[in-house]
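**Q**
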Amino acid sequence: MNPCLQVKNISKRFLGVKALTDVSMDFYPGEMHCLLGENGAGKSTLIKIISGVYDATEGKIIYNGQTVSFQNPRQALDAGISVIHQELSIANDLTVAENIFLGAEQRQDFKMLLDRKRMNKEAQNILDFMKVDIKATQIARELTAAQQQMVEIAKVMTKKSKVVIMDEPTSSLSEHEINALFEQIDILKKQNVAIIYITHRLKEMFLMGEKVTVLRDGYKVDTFQIADVTEKELVASMVGREIKDYYNRQEHVAKEELLRVEGLTGKKGEFKNINFVAHAGEIVGFAGLVGAGRTEVMEAIFGARPFTQGKIYVSGKEVSFKSPIDAINAHIGFVTEDRRRTGLMLNAMIKNNVVLPSLTKNCKKCGFLNLKWEKDVSEDYVNKLKVRTPGISTVIANLSGGNQQKVILAKWLLADSKILILDEPTRGIDVNAKSEFYALMNAFVANGGCIIMVSSELPEVLGNSDRIIVMREGEIAGELHYKDATEQNVIELASLHSKST
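By the working numbering, the letter at position 235 of the sequence shown is numbered 448, and the numbering carries on one by one without gaps.
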């Protein structure tokens, strides 16, 4: 069988800096070809060249046996190359059906009016086929991040693409939704569609992929048949060394109580009767399926979501937060699950982001920012956390996901946080960056801090937490010490109807 897409000796320079160097690979119909590499390895640059966002500095692309040069993503899409980006491109004020058919709207006979009835029907057929609980007539902004991701995937299903590029498509999806996606991938493969799949989740590669190509520092390291390679070999190939203690587990000693939650119940019923305690010197993990209410509980603790019943105690004193500012003043920090939308000022510089929660405490009396203080503290934390950047004046959007996450952590450390809430803290960051972030978490609790971590990645919860609280349908289904916790009993608590403590 001949490849449907080939990249030949592709190189790309930005202002003299090489992002890709002499990269070649072939993609075949009916095959999932995974791309693996740390953030900054060149994966995103490669798919942007394939999809017409960038021109290659050197090399060529051969598609269906012909050399092509797409001038923009529309040309690539019209030729049959679709991309599902990690960052969602949903139009929030349109309906689901309008999003699915955006750019390919169905029109009535007179060609002027949209045929909304037909669009709604066809969109609903696709969504039902994907086994997702979404209505075609819903407004997109009403959907969760996971549901919006499924709408992105549904867009591709409407186009007769020959190549589908998926960039971290499961980062916001539940186990059920991931399985639904994999069913669609199987269907696409049977239709001889080539899948280019970027993910940091090695489990997904081994489950669905046929081949994997490893990129490092803009170079192609090797291409493997997935059936012939181990996870350990892939990680070593990706980072150039073996990561021996991936989770860097430490024996934490729980000290004084820092946070107590009693009977917390949400205003809209999104969580009910939540009770737990967290101590200095420990990591408390929250596990559960998407929609279990974990994020909503954390937002309520942080003063970002109202609740109707319950009490919150910080260091033994009852508190009543009217807003996140009150929580910050009580030394609580919150690393949100969507760092780009709610965790960072993307178009601002690193130094602006680092000092943001601490401005009211450190501005001069006249209301002006002390620029020397901003420079000194930002450089200090960038160095302490080993943020990879040319300098503190770098725009945050230009950093990799792992380094963006370090900047978010830096701002909460500067704000003197004693309690850190981490919601999906390693989503979309690579293996090496995860390992570094876990080490920073352990250092924080070793210095007397407390971490409450929400994660949909069970190995992450099991590998880092001292205690694991499992939520199901807005309630706590059980609590496990890490020595007693397994993937099986956590999943059982998260999905079964019986409760255990």
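For each residue, glycine too, the CB sits at the ideal point set by N, CA and C.
Can you check the stretch 519-597 for any alpha helix (DSSP H) of at least 4 residues that lies completely inside it and give the ranges in chain order?
**A** Within the stretch 519-597, the complete alpha helix (DSSP H) runs of at least 4 residues are 537-542, 563-568, 572-575 and 584-597.
**Q** Taking its Cβ as the centre, do 16 or more other Cβ atoms sit within 10 Å of valine 230, making it buried, or is it exposed?
**A** Result: exposed.
**Q** Starting from valine 427 and walking both ways along the beta strand (DSSP E), at which residues does that stretch end?
**A** Start and end: 424-429.
**Q** Which residue comes first and which comes last in the beta strand (DSSP E) that contains glutamate 271?
**A** Start and end: 271-276.
**Q** Tell me the start and end of each unbroken beta strand (DSSP E) in the stretch 269-337 that is at least 3 residues and wholly inside, in chain order.
**A** Here the runs fully enclosed are 271-276, 279-281 and 294-297.
**Q** Rounded to a whole number of angstroms, what is the C-alpha to C-alpha distance between glutamate 359 and arginine 552?
**A** Note that residue 359 is alanine in the sequence shown, not glutamate. Their backbone Cα atoms lie some 15 Å apart in a straight line.
**Q** Just to check my reading of the structure: leucine 401 and valine 425 have Cβ atoms closer than 8 Å, yes? What is that Cβ distance to the nearest angstrom?
**A** Incorrect: roughly 18 Å between the Cβ atoms, too far for contact.
**Q** Just reading off the alpha helix (DSSP H) that serine 374 is part of, what are its end residues?
**A** Note, serine 374: premise wrong, no alpha helix (DSSP H); not H, not E.
**Q** Quick check on DSSP: helix, strand or coil for alanine 623?
**A** Reduced to three states, the DSSP call for alanine 623 is helix.
**Q** Among the residues of its own chain, which have a CB less than 6 Å from the CB of isoleucine 634, if the five just before and after it don't count?
**A** Only Met511, Phe547 and Ile665 meet the Cβ criterion.
**Q** Can you list, in chain order, the residues of its chain with a C-beta nearer than 6 Å to that of phenylalanine 499? Leave out the 5 residues immediately preceding and following it.
**A** So the list reads Arg507, Val667 and Ile682, once near-sequence residues are dropped.
**Q** Quick check: what's the CA-CA separation for alanine 698 versus leucine 675?
**A** Roughly 7 Å separates the two Cα atoms.
**Q** Can you list, in chain order, the residues of its chain with a C-beta nearer than 6 Å to that of isoleucine 378? Leave out the 5 residues immediately preceding and following it.
**A** Same-chain partners within the cutoff: Ile260, Val296 and Ile409.
**Q** Thinking aspartate 435 and isoleucine 411 are a contact (beta carbons under 8 Å), I'd like their distance in whole angstroms, please.
**A** Not really, about 17 Å apart at Cβ, beyond 8 Å.
**Q** What residues in its chain sit with their C-beta under 8 Å from that of aspartate 306, if we drop five residues either side in the sequence?
**A** For aspartate 306, where only same-chain residues beyond five positions count, the Cβ hits under 8 Å are Ile352, Ala353 and Arg354.
**Q** Would you mind giving the Cβ-Cβ distance between alanine 393 and valine 345, rounded to the nearest angstrom? I have them listed as a contact below 8 Å.
**A** Their Cβ separation, rounded to whole angstroms, is 6 Å, which keeps alanine 393 and valine 345 in contact under 8 Å.
**Q** Based on DSSP bridge pairs, tell me the residues matched to threonine 478.
**A** Per DSSP, Gln522.
**Q** Looking only at its own chain, which residues have a Cβ that is under 7 Å from the Cβ of asparagine 285, when we skip the five neighbours before and after it?
**A** Counting only Cβ-Cβ distances below 7 Å, and skipping sequence neighbours, we find Gly265.
**Q** Locate the beta strand (DSSP E) running through leucine 248, then write down its first and last residues.
**A** First-last of the beta strand (DSSP E) with leucine 248: 245-249.
**Q** Looking only at its own chain, which residues have a Cβ that is under 6 Å from the Cβ of valine 466, when we skip the five neighbours before and after it?
**A** Once the five neighbours on either side are set aside, the close Cβ partners of valine 466 are Gly494.
**Q** Could you have a look at glutamate 509 and say whether DSSP puts it in helix, strand or coil?
**A** If DSSP states are grouped into helix, strand and coil, glutamate 509 belongs with the helices.
**Q** So for valine 683, helix, strand or coil by DSSP?
**A** Three-state DSSP puts valine 683 in a strand.
**Q** Measuring only the C-alpha atoms, how far is alanine 623 from methionine 684?
**A** So the alpha carbons of these two residues sit roughly 29 Å apart.
**Q** Across which residues does DSSP place histidine 694 in a beta bridge pair?
**A** Per DSSP, Arg680.
**Q** Quick check on methionine 214: does DSSP put it in helix, strand or coil?
**A** Looking at methionine 214 - three-state DSSP - the assignment turns out to be coil, as it is neither helix nor strand.
**Q** Pull the bridge partners of alanine 407 from the DSSP assignment, please.
**A** Paired residue(s): Val376.
**Q** Rounded to whole angstroms, how far is the Cβ of isoleucine 609 from the Cβ of methionine 562, which I believe are closer than 8 Å?
**A** Going by Cβ atoms, the distance from isoleucine 609 to methionine 562 rounds to 7 Å, so yes, they are a contact pair.
**Q** Can you give the Cα-Cα distance for threonine 443 and phenylalanine 437, rounded to whole angstroms?
**A** One C-alpha to the other measures close to 10 Å.
**Q** In this structure, how does DSSP classify phenylalanine 650 when only helix, strand and coil are distinguished?
**A** In this structure, phenylalanine 650 counts as helix in the three-state DSSP scheme.
**Q** Over what stretch of residues does the beta strand (DSSP E) that includes valine 236 continue unbroken?
**A** Here the beta strand (DSSP E) through valine 236 covers 230-240.
**Q** Going by DSSP, what residues sit across from threonine 436 in a beta bridge?
**A** Partner(s): Thr426.
**Q** Classify proline 382: buried if its beta carbon has 16 or more other beta carbons within 10 angstroms, exposed otherwise.
**A** The residue in question, proline 382, is buried, as its Cβ has 16 or more Cβ neighbours within 10 Å.
**Q** Using the Cβ count rule (16 or more neighbours within 10 Å means buried), how would you classify valine 220?
**A** By the 10 Å Cβ count, valine 220 comes out buried.
**Q** Straight-line CA distance for asparagine 660 to glycine 482?
**A** Cα to Cα, asparagine 660 sits roughly 36 Å from glycine 482.
**Q** Going straight from the alpha carbon of leucine 340 to that of glutamate 700, what length do you get?
**A** C-alpha separation (whole angstroms): 30 Å.
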